[in-house]
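In this text, residue positions in the sequence shown follow numbering that gives the first Met the number 0: the first is 0, and each later residue adds one.
Cβ coordinates follow ideal geometry from the N, Cα and C atoms, glycine included.
Source: prediction; values computed, not measured.
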Amino acid sequence: MTDLPEPRLLDRFGRVGRDLRVSVTDRCNLRCTYCMPAEGLDWLPKPEMLTDDELVRLVRVMVGLGVTNVRLTGGEPLLRRSLAEVVGRIAALTPRPRIAMTTNGVGLDRLAAPLAAAGLDRVNISLDTVDPQQFRELTRRDRFEDVEAGLKAAADAGLTPVKVNAVAMRDVNDTGVAELLQWCLDRGYELRFIEQMPLDAQHAWDRSRMVSQAEILERLGERFRLTPVQDRGSAPAERFLVDGGPQTVGVIASVSAPFCAACDRVRLTADGQLRNCLFARSEVDLRGPMRDGASDDELADLVVGEMWAKKVGHGIDNPDFEQPDRPMSAIGG
0 MTDLPEPRLL DRFGRVGRDL RVSVTDRCNL RCTYCMPAEG LDWLPKPEML
50 TDDELVRLVR VMVGLGVTNV RLTGGEPLLR RSLAEVVGRI AALTPRPRIA
100 MTTNGVGLDR LAAPLAAAGL DRVNISLDTV DPQQFRELTR RDRFEDVEAG
150 LKAAADAGLT PVKVNAVAMR DVNDTGVAEL LQWCLDRGYE LRFIEQMPLD
200 AQHAWDRSRM VSQAEILERL GERFRLTPVQ DRGSAPAERF LVDGGPQTVG
250 VIASVSAPFC AACDRVRLTA DGQLRNCLFA RSEVDLRGPM RDGASDDELA
300 DLVVGEMWAK KVGHGIDNPD FEQPDRPMSA IGG
């Protein structure tokens with residue numbers, strides 16, 4: 000990337016917004032038990048969703064404010080039929096941002112090559128277990144083989160490094176973390192464990208049930224030798240060389256070891272709401288002003304103002320912490 004614009008997404012604590020997470024849909028084709036109820040959720044009506052033109056316009060505005068990385072999320076982003084076209088239009092922006100996607104991998108076997116051709120750079124695929132029966136129980140769907148196929152297709156399409164995201168849950172899959180790591184090492188995927196966060200639709204999160212980074216590392220350490228990797232920067236994962244490397248495993252410890260001081264992320268929901276933090280209790284509407292004729296400069300001012308209002312941290316440990324009204328599937332990861 001050349002001719003980068005002067006960064007304007009600044010907050011009061013010296014952080015600079017460079018990483019934009021864009022939810023392209025709130026819909027999902029899995030029903031993970033820790034995310035949503037079996038019957039699903041009340042999805043956004045289509046008129047409330049950003050159109051392709053609106054979504055790309057807002058990304059362009061934020062690239063002009065200094066965003067260099069765009070991650071497409073959901074819900075499940077592969078459910079947006081125009082996804083490859085959206086990727087291509089974002090890839091055509093100047094300066095061109097790096098484009099990543101977080102997906103559950105179902106359907107990626109068919110779409111990995113077209114998405115790579117459109118300009119997608121890499122993917123993170125959610126997979127909490129490699130036991131097919133346990134996968135069915137966790138997701139309420141029999142799609143483990145589809146996820147396997149999606150992972151392989153991503154690697155074949157050059158969407159590398161292919162990363163796997165896993166949530167370790169107490170008395171559910173926590174005893175299988177070493178097995179999952181070995182499975183990823185054998186296939187050349189980079190595994191990232193994520194602490195379970197208070198972002199479920201049921202608002203049933205219980206910190207005492209969360210498997211912490213320390214516990215994950217302890218279980219992995221029973222089979223592997225882990226060496227911390229230095230220079231983490233603004234990356235959410237703390238990484239460790241496995242048995243001396245070069246392969247690594249990471250842990251995103253948003254709850255037990257928050258990294259808010261280095262956060263460079265801002266989020267755009269599928270209905271055009273801007274959030275300066277995953278756990279924000281408020282958001283700024285960009286869709287309404289845009290549809291009412293706001294100029295790019297006016298939209299940029301709204302974005303800059305929301306970023307400036309970003310709090311010092313997510314506040315999970317504060318006694319008055321309240322879980323966001325929107326679940327993760329409606330915010331975008």
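Next on the checklist: Taking the beta strand (DSSP E) that glycine 287 belongs to, which residues open and close that run?
Outcome noted: No beta strand (DSSP E) contains glycine 287, which is instead part of the alpha helix (DSSP H) from 286 to 290.
Item to check | Minimum length 4: unbroken alpha helix (DSSP H) runs contained in the segment 224 to 310 | outcome: As far as the segment 224 to 310 is concerned, its whole alpha helix (DSSP H) runs of at least 4 residues are 286 to 290 and 295 to 307.
Checklist entry - Does DSSP classify methionine 168 as helix, strand or coil? => result Strand, per DSSP.
Next on the checklist: So, at 6 Å on beta carbons, what are the nonlocal neighbours of glutamine 246 in its own chain, with the 5 sequence-adjacent residues on each side left out?
Outcome noted: Here the set comprises Leu184.
Checklist entry - For serine 211, which residues does DSSP report across the bridge? => result For serine 211, which the question treats as bridged, DSSP gives no partner whatsoever.
Item to check | Neighbour-count burial assignment, serine 125, 16 or more Cβ in a 10 Å radius | outcome: It counts as buried.
Item to check | aspartate 155 vs glycine 104 beta-carbon contact at 8 Å | outcome: No; because the gap between Cβ atoms is not below 8 Å, this pair is not in contact.
Next on the checklist: Let me check understanding here. Comparing Cα to Cα, which of Arg191, Asn28, Asn123 and Leu110 lies closest to leucine 219?
Outcome noted: The shortest Cα separation from leucine 219 among Arg191, Asn28, Asn123 and Leu110 belongs to Arg191.
Next on the checklist: I need the straight-line Cα distance from serine 255 to aspartate 291, nearest angstrom please.
Outcome noted: Each residue's alpha carbon lies about 43 Å from the other.
Checklist entry - Looking at methionine 306 and leucine 8, is the spacing between their C-beta atoms short of 8 Å? => result Yes, they are a contact pair.
Checklist entry - Terminal residues of the continuous beta strand (DSSP E) containing glutamate 84? => result From DSSP, glutamate 84 is part of no beta strand (DSSP E) but of the alpha helix (DSSP H) over 82 to 90.
Item to check | 8 Å Cβ cutoff met for proline 257 and glycine 312 | outcome: In this structure, the beta-carbon distance from proline 257 to glycine 312 falls below 8 Å.
Checklist entry - What are the start and end residues of the alpha helix (DSSP H) that includes valine 55? => result Note, valine 55: alpha helix (DSSP H), 51 to 63.
Checklist entry - Assuming glutamate 84 and threonine 24 make a contact with CB atoms under 8 Å, what is their CB distance in whole Å? => result Actually they do not touch by this definition, with Cβ atoms about 14 Å apart.
Checklist entry - Should the segment 265 to 276 be regarded as contacting the segment 203 to 217, the criterion being three or more beta carbon pairs within less than 8 Å? => result Remark: fewer than three beta-carbon pairs, one from each stretch, lie closer than 8 Å, so the segment 265 to 276 and the segment 203 to 217 are not flagged as touching.
Item to check | Where methionine 0 sits in the DSSP three-state scheme | outcome: For methionine 0, the pLDDT reaches just 46, beneath the cut-off of 50, and the residue's location in the model is therefore unreliable, although a value from the coordinates is still provided. Coil at methionine 0, not helix or strand.
Item to check | Cβ neighbours of leucine 225 in the same chain (closer than 8 Å, five flanking residues each side left out) | outcome: Non-local C-beta neighbours of leucine 225 in its own chain, meaning closer than 8 Å and more than five positions away in sequence, comprise Leu216, Leu219, Phe239, Leu240, Val241 and Val248, ordered along the chain.
Item to check | Buried or exposed by the 16-neighbour rule on C-beta atoms within 10 Å, applied to aspartate 170 | outcome: With fewer than 16 other beta carbons inside 10 angstroms of its own, aspartate 170 counts as exposed.
Checklist entry - For phenylalanine 192, which of helix, strand or coil comes out of DSSP? => result Residue state, collapsed to three classes: strand.
Checklist entry - Got a sec? Which residues, its chain only, sit under 7 Å from glutamate 178 by beta carbon, not counting five neighbours each side? => result Same-chain partners within the cutoff: Val129.
Checklist entry - Quick one: is arginine 70 buried, meaning 16 or more other Cβ sit within 10 Å of its Cβ, or exposed? => result Buried: at least 16 other Cβ atoms inside 10 Å.
Next on the checklist: On a Cα-Cα basis, can you pick out the residue from Phe143, Thr101, Glu321 and Gly87 that is closest to leucine 77?
Outcome noted: Nearest of Phe143, Thr101, Glu321 and Gly87 to leucine 77, Cα basis: Thr101.
Checklist entry - Going by the CB atoms, is the gap between valine 122 and aspartate 173 shorter than 8 Å? => result No.
Next on the checklist: For alanine 167 and arginine 208, what's the separation of their Cα atoms in angstroms?
Outcome noted: Each residue's alpha carbon lies about 10 Å from the other.
Next on the checklist: Contact defined as beta carbons within less than 8 Å: I believe aspartate 270 pairs with glutamate 47. What is the distance between those atoms, to the nearest angstrom?
Outcome noted: Taking C-beta atoms under 8 Å as the contact rule, aspartate 270 and glutamate 47 qualify, at a distance of about 5 Å.
Checklist entry - Can you tell me whether phenylalanine 134 is buried or exposed, with buried defined as 16 or more other CB within 10 angstroms of its CB? => result Around the beta carbon of phenylalanine 134, 16 or more other beta carbons lie within 10 angstroms, which makes this residue buried.
Item to check | Terminal residues of the alpha helix (DSSP H) in which isoleucine 315 lies | outcome: Where isoleucine 315 is concerned, there is no enclosing alpha helix (DSSP H), given that its DSSP letter is neither H nor E.
Next on the checklist: So the candidates are Asp51, Val55, Thr138 and Val66; which of them puts its Cα closest to the Cα of methionine 35?
Outcome noted: Selection Asp51, Val55, Thr138 and Val66 evaluated against methionine 35 yields Thr138 as nearest (Cα-Cα).
Next on the checklist: Quick check: what's the CA-CA separation for glycine 63 versus alanine 115?
Outcome noted: In a straight line, the C-alpha of glycine 63 is about 24 Å away from that of alanine 115.
Item to check | C-alpha distance - aspartate 316 paired with glutamine 229, whole-angstrom precision | outcome: Aspartate 316 and glutamine 229: Cα-Cα distance of roughly 26 Å.
Checklist entry - Between the C-alpha atoms of aspartate 319 and isoleucine 330, what's the straight-line distance to the nearest angstrom? => result Computed Cα separation, rounded: 21 Å.
Item to check | Under the three-state DSSP convention, the category aspartate 18 falls into | outcome: Residue state, collapsed to three classes: strand.
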